[in-house]
Structure formats: C-alpha cells, structure tokens
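Let me begin by presenting the structure, written as structure tokens, before commenting on it.
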Amino acid sequence: MQAALGIDIGGTHIKSGVVTAEGQVLAGRAVPTEADAGGEAVLAKLLPLVEEAAEICAQAGASLGGIGVGTAGQVNKRTGRIAGATGNLPGWAGIPLVERLGEASGGLPVAVDNDVNMIALGESWLGVGAKYGDFLCVALGTGIGGCRIKDGMADLGRDGYAGELGHMIVQMDGLPCTCGGRGCWEQYASVPALIRLARERGLPAEQTQPIALFEAAGRGDPAASAVLDAYAERLSVGLAGLIHIFNPPAIVIGGAVSAQGEALLNRIRARTEAKIMPVFRGPGGVDIVAAGLGDRAGFIGAARRMLTDSRG
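Positions 51 to 362 (my numbering) are the ones given, in order, by the sequence shown.
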C-alpha cells in the first residue's frame, strides 16, 4: 500500500497527514505555525513530521513514497523553491524546502506547491470538486488564494504563480496591502477583514471573531447579520469578476468561514448573481458551494500531488 505525507503550511497552523493512494487518511495533526519566529523555525517544525509519517506507515503496513507540501506564497513550479512569501510567513521566501525535507527523509521525493493549489487538488480528488471536471477554488483565510482546476489538473500559469486572487484590485487607491499594493480584494474579504469590519461596526469584542459572529447572526442578532451582509457584498465583488473571466461551472469556497454553512453561502450567492451578466445566471450557471474536506483538504491535496503528478 503506497502512501504519502501531506503537509499544509499556513500563516497560523501547519496541518499534516499520511494519506494512501486510495484516499484513506491514516493519521492527521495540526500544530501552530508560529511564523513570527522566522522561516528556519517553521522548517524545523516540519522535520519531525517526516519521522512520524514513517512510523505511521510502518504500523499500517504502508510504504511512504514521498512528501507533498502546500505552502502560502508563490512556488516556482520548475524548481519547487519558494519565490515569494507574504507578510504572513516572514523569512519564508528562498527556504530550500525540497532539499531540506529530502535530506530529512533519507532521499524521498518532495513536491512543493502553493497551499491553495493543494486545497483545490484535494477537493478535486475526494471533495465536492470531484463532481466537476473544471472549477475555481477560492480559499478565505488570513489572505485569499485561488486555483483553477481544468480537466482535473491545477492550472498554475507559466511559472506556477497563478491564483493570487486576493491581490486583484477591487478599490482604486484603497486600503494598503501586505503585497505593497492598495485596494486588494483580501483587504476587504479575508478573515482579518471580516474581523476588522465587525469591530468598525461596533460589535461587542466577543462577537468580532468569526465563529461567535456567525452564531450571533444565527440567533437573529441584527448587528451581526448586517456585518455578514456587508462581508458577503465585498466577497461578491471579486467572485463576480472571476465568473466573468473564467465562466466556471462551480466556485468552491474553502477556508474557515466556509464551514459556517448556508447562511453565508446564500448571502454570497444572491449578491454575486446580482452582479453578473444575465447569461451567467440561473440554471446551468455557476454553482457556489462550500468545500467538503474542511481543514484536511490542503494536506490531502499535497499527498495527492505527490502520489500522482497533477500539475498543469
């Protein structure tokens, strides 16, 4: 039985798991990234995961065939090197992940790609994306990332940097962004943007975090509901643009807020449909659905990427 270690490196948590070629997750775990400690400190957290994966495979009678890693930032698809990283992972650009993890594993092959590309591959394999040959994955987290799946493969662009959806400009001369630009979509529609919006609208401190905010809206709190309405409006601006550009059969929304169910999705659907051209609306238009694998999608996709080369 062949298996791979999948690792998903985000600005807040590192999630990992051992996944077989048949899609069985043998084990999974999460640890804080503690990104402020710098790139080398984050890398040091990955090395024990390799030893653990070998032990898990030995106990399950599986063969560890390699390591797949999804990471925030831009990954050069030819070299596997992290060419650029946002402020969410300081000191991460240039870290030689392939070489260091290869050494730690005794020479196992290592595949590295952007974290949202891995999430999309996971959803395409075992999640809601499996029913669509093509779809867009939009991940809402510390930032906003994206990936287009075309014929079951990730469309990465020339160098592998495609999918930086959060840096589409939605407001000329708007809020400053960590990328150095202004008016980027993620400054208005990421999870930190949602928290900031709740604070600006004067919600009690205990209601400004996403889970508490959604719970309050679910109880009928008008202020919390108004914040979600405004947030969905901001999300819909970017989604409408993506629909006009790509004409996808589906948009799969991933990330923490997507787990909050239909209350948010219905708001997003209504506001997005109001912004798109009539030809894109109605039956046969675009499905906007929540990701099905939760926070496991990234490491499942990373393992898939290693087990079968799925890059476009």
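Glycine included, C-beta positions come from ideal geometry on N, C-alpha and C.
Non-local beta-carbon contacts of D165 in its own chain, meaning distances under 7 Å to residues more than five positions away in sequence, involve D58, I59, G60, G120, T121, A122, G195, G348 in chain order. In the structure shown, N316 adopts helical secondary structure according to DSSP, grouped into three states. If you compare the alpha carbons of K200, A103, R331 with that of G156, the shortest gap goes to A103. Beta-carbon to beta-carbon, L114 and C107 are separated by about 4 Å, close enough to satisfy the 8 Å threshold. Its chain contains no residue whose beta carbon lies nearer than 6 Å to that of E214 once the 5 sequence neighbours on both sides are disregarded. Ranked by Cα distance from G334, the options P299, I303, G344 are led by P299. Annotation for H63: the continuous beta strand (DSSP E) segment containing it runs 63 to 70. DSSP places T322 in the helix class (H, G or I) of the three-state scheme.
Cβ-Cβ separation between T83 and T192: approximately 10 Å, too far for a contact (criterion under 8 Å). Rounded to the nearest whole angstrom, the C-alpha separation of Q237 and N297 is 25 Å. Remark: three or more beta-carbon pairs, one from each stretch, lie closer than 8 Å, so the segment 299 to 310 and the segment 327 to 343 are flagged as touching.
In the displayed model, P82 falls within a strand according to three-state DSSP.
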